[in-house]
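Chemist: Sharing a structure here in structure tokens format.
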Amino acid sequence: MGIMKEPKKAEIQMHLTEFEMPPMQDVLIVGRNAPIGPEAVKRMVDVLSPDQYKIIKVNHPVIEAIVVRNALIKMIQEEKLSQFIIEEGERIVDASMIIKAHVNITVHVSKSIDL
Amino acid sequence: MINMKRVANIYSKEFSAVNVLDGVSKIRSYLLESGNGCCPVMDGDNLVGVITYKDLLRTHPNRIVADAMCQEPVIIPAEMPLWEAKERFEDTGLDVLLVEGEGLLSGILSRNLLDIHLASHTDLLTGLYKSDYIYYHGVRLLENKQEISIIFLDLNNFGVIDKTYGHTVGDIILVEVSKVLSENIPSEAFLCRFGGDEFALLLPAHLDEAAALAYRLTDIIGRHDFSYGIEISISAGVIGGQRHEERADDPLNTMEQLMNIASLRSTEAKKSNETRLAAEIQGANISSLGTAKELLSEGMNAAKGQFTGSLPLRDGEKILAI
């Protein structure tokens, strides 16, 4: 009895998206055992986007550091922003993860003027 | 002449530096192959940290060395005494110190290497440090112009105990004595087993305080219930002083002389059946330190009045002033 040979087929798919420069958004949360540490992130960011991000090392059991876009720190005090990011980040991050976060800050201003 | 061991005598002079951008897994393999436990980390020509095998083990293998190393290396001079290096390890919590010689990075001192060498300065029977420990702290205190006192303690008739009960029992007694002494000295005192049945105690305190402590310790030892109901007594020799100004001579020599005088005093005390403490009231100026013989004769008269009047004595006790 002969063996039927089925023809081999390959399927190729390609997804095209724009490369982000740098490949992160407003905030990166680096876990303590993440494959990329804060120094490596800093050097990468410094090469790709000099002077645009700041690394803040934190004293936290799971999170080693957060990398924050400088523009955000200009809008909100660094300590308050870090505290907010850590409070929200620690709910989903574990020590081996690196999470990128998009942070929108909207400032509402209301003033009364004399008519 | 006592030779105080220094970092220069023991540190590893053969080492290789790694690049701050090297990968953790690469450096882990390198250390494993080379047998080294750590190496300095360079960023170009700048020393930026130290990495140890322990650092590498607890870091993700994909990371770069910059994310695994200790970023604040501590550099010590090669001339630093071993005991000071030990204090530096304890203060910093680091596992590795870098060693500088003649202005250049010349090697590495690991905590393990230091502990191995210091183990030879520990008495295996009692667990107390040996005399090197006292000499180091004495020199340090003298250099800081602090008041110091030395109490030299010598068990009475210990040879008879060894011969009557055997050396094993003698060892048990020595362990018990060291335990009693350790439990009854102030936290700032430094105790060592000086030799056979001799112990030395260094205090950052005035001679009066040391003499009072010596009395208390001889009393405690005398009252303690030792194994096999053996009665133990101890003789003490005390000396103290302070450096008031910078001096060209080596403070280690001064410590040697002080220790020698204290030991001679304990011998004198031992010779008298009625006496358990020999102390010298010799002003507080070590800069006037002469030979042991001169000091012994100078201090002889001064000691009498002070201790007889100020320290409580038990019935039948008397102080020998030498």
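Same order as they appear, the protein sequences are chains P and Z. Residue numbering for the first sequence follows this note's numbering, starting at 1 and increasing by one per position. Residue numbering for the second sequence follows this note's numbering, starting at 1001 and increasing by one per position. Each residue gets a CB set at the ideal place from its N, CA and C atoms; glycine is no exception.
#1: Jot down the residue ranges of each uninterrupted beta strand (DSSP E) in the segment 1207-1263 of chain Z, minimum 3 residues, whole runs only, in chain order.
#2: So which residues on chain Z does residue 38 of chain P lean against when the C-beta distance must stay under 8 Å?
#3: Compute the Euclidean distance between the alpha carbons of residue 1257 of chain Z and residue 1269 of chain Z, then round it to the nearest angstrom.
#4: Using a Cβ cut-off of 8 Å (strictly closer), state whether residue 1062 of chain Z contacts chain P.
#5: If you draw a straight line from the alpha carbon of residue 35 of chain P to that of residue 83 of chain P, how long is it in whole angstroms?
#6: Should residue 1138 of chain Z go down as buried or exposed, given a rule of 16 or more other Cβ atoms within 10 Å for buried?
#7: Would residue 71 of chain P pass as an interface residue toward chain Z - the criterion being a Cβ-Cβ separation below 8 Å?
#8: Comparing alpha-carbon positions, which option in Z/1051, Z/1130, Z/1092 and Z/1207 lies nearest residue 1023 of chain Z?
#9: Determine, using beta-carbon pairs with one atom in the segment 1081-1095 of chain Z and one in the segment 105-115 of chain P, whether at least three such pairs fall under 8 Å.
#10: In angstroms, rounded to a whole number, what distance separates the CA positions of residue 1249 of chain Z and residue 1027 of chain Z?
#11: Could you pull out every residue in the same chain whose Cβ sits closer than 6 Å to the Cβ of residue 1153 of chain Z, ignoring the five residues on either side in sequence?
#12: Please report how far the alpha carbon of residue 1193 of chain Z lies from the alpha carbon of residue 1123 of chain Z, in whole angstroms.
#13: Name the DSSP beta bridge partners of residue 1149 of chain Z, please?
#14: Could you give the uninterrupted runs of the beta strand (DSSP E) lying entirely in the segment 1073-1131 of chain Z, keeping only those of 3 residues or more?
#15: If you reduce the DSSP assignment to three classes, tell me which class residue 1011 of chain Z lands in.
#16: In this structure, does DSSP put residue 136 of chain P in helix, strand or coil?
#17: So the candidates are Z/1159, Z/1147 and Z/1005; which of them puts its Cα closest to the Cα of residue 1130 of chain Z?
#18: Measuring straight from C-alpha to C-alpha, what distance separates residue 1178 of chain Z and residue 1206 of chain Z?
#19: Could you tell me which chain Z residues have their CB closer than 7 Å to the CB of residue 33 of chain P, listed as they occur along the chain?
#20: Beta carbon of residue 1211 of chain Z, beta carbon of residue 1201 of chain Z: below 8 Å?
#21: Pick out whichever of P/42, P/102 and P/5 has its Cα sitting closest to the Cα of residue 1063 of chain Z.
#22: Could you name the residues of the same chain whose beta carbon sits closer than 6 Å to that of residue 1158 of chain Z, not counting the 5 residues immediately before and after it, in chain order?
#23: With 16 as the cutoff for other CB atoms within 10 Å, does residue 1228 of chain Z come out buried or exposed?
#24: Taking the beta carbon of residue 1151 of chain Z as the centre, do at least 16 other beta carbons fall within 10 Å, making it buried, or is it exposed?
#25: Please state whether the Cβ-Cβ distance between residue 91 of chain P and residue 63 of chain P is less than 8 Å.
#26: Is the segment 68-79 of chain P touching the segment 40-56 of chain P in the sense that three or more CB pairs, one from each, lie closer than 8 Å?
#27: Closest by CA to residue 102 of chain P, which one among P/96, P/39, P/88 and P/58?
#28: Applying the criterion that 16 or more other CB atoms from any shown protein chain within 10 Å of the CB defines a buried residue, is residue 1059 of chain Z buried or exposed?
#29: Quick one: any contact between the segment 1099-1117 of chain Z and the segment 1155-1170 of chain Z, if contact means 3 or more CB pairs under 8 Å?
#30: Kindly list the residues whose CB is nearer than 7 Å to the CB of residue 1155 of chain Z, restricted to its own chain and excluding five residues on each side of it in sequence; keep chain order.
#31: Let's see if you can read the secondary structure: which residues bound the alpha helix (DSSP H) around residue 46 of chain P?
#32: Is it right to say residue 1242 of chain Z is buried, meaning 16 or more other beta carbons lie within 10 angstroms of its own, or is it exposed?
#33: Which residue comes first and which comes last in the beta strand (DSSP E) that contains residue 1043 of chain Z?
#34: Beta-carbon within less than 7 Å of residue 1133 of chain Z's beta-carbon, same chain only, minus the 5 sequence neighbours each way: which residues are those?
Modeler: The relevant details are as follows:
#1: 1234-1241
#2: 1067
#3: 18 Å
#4: By this cut-off, residue 1062 of chain Z is an interface position.
#5: 24 Å
#6: buried
#7: For residue 71 of chain P, the closest Cβ of chain Z is not nearer than 8 Å.
#8: Z/1051
#9: Contact fails: fewer than three Cβ-Cβ distances are below 8 Å.
#10: 47 Å
#11: 1199, 1234 and 1236
#12: 7 Å
#13: Z/1203 and Z/1240
#14: 1075-1077, 1096-1101 and 1104-1110
#15: coil
#16: For chain P, the structure presents residues 1 to 115; residue 136 of chain P sits outside this window and is missing.
#17: Measuring from the Cα of residue 1130 of chain Z, the nearest candidate turns out to be Z/1005.
#18: 23 Å
#19: 1060
#20: No, the Cβ-Cβ distance between residue 1211 of chain Z and residue 1201 of chain Z is not below 8 Å.
#21: Comparing Cα positions, the closest option is P/42.
#22: So the qualifying residues of the chain are 1197.
#23: exposed
#24: Residue environment analysis places residue 1151 of chain Z among the buried positions, since at least 16 neighbouring C-beta atoms fall within 10 angstroms of its C-beta.
#25: no
#26: yes
#27: P/88
#28: buried
#29: no
#30: Taken in chain order, the residues that qualify are 1177, 1197, 1232 and 1234.
#31: 38-48
#32: buried
#33: Residues 1038-1043.
#34: Excluding residues within five positions, the ones whose Cβ falls inside 7 Å are 1083, 1121, 1190 and 1192.
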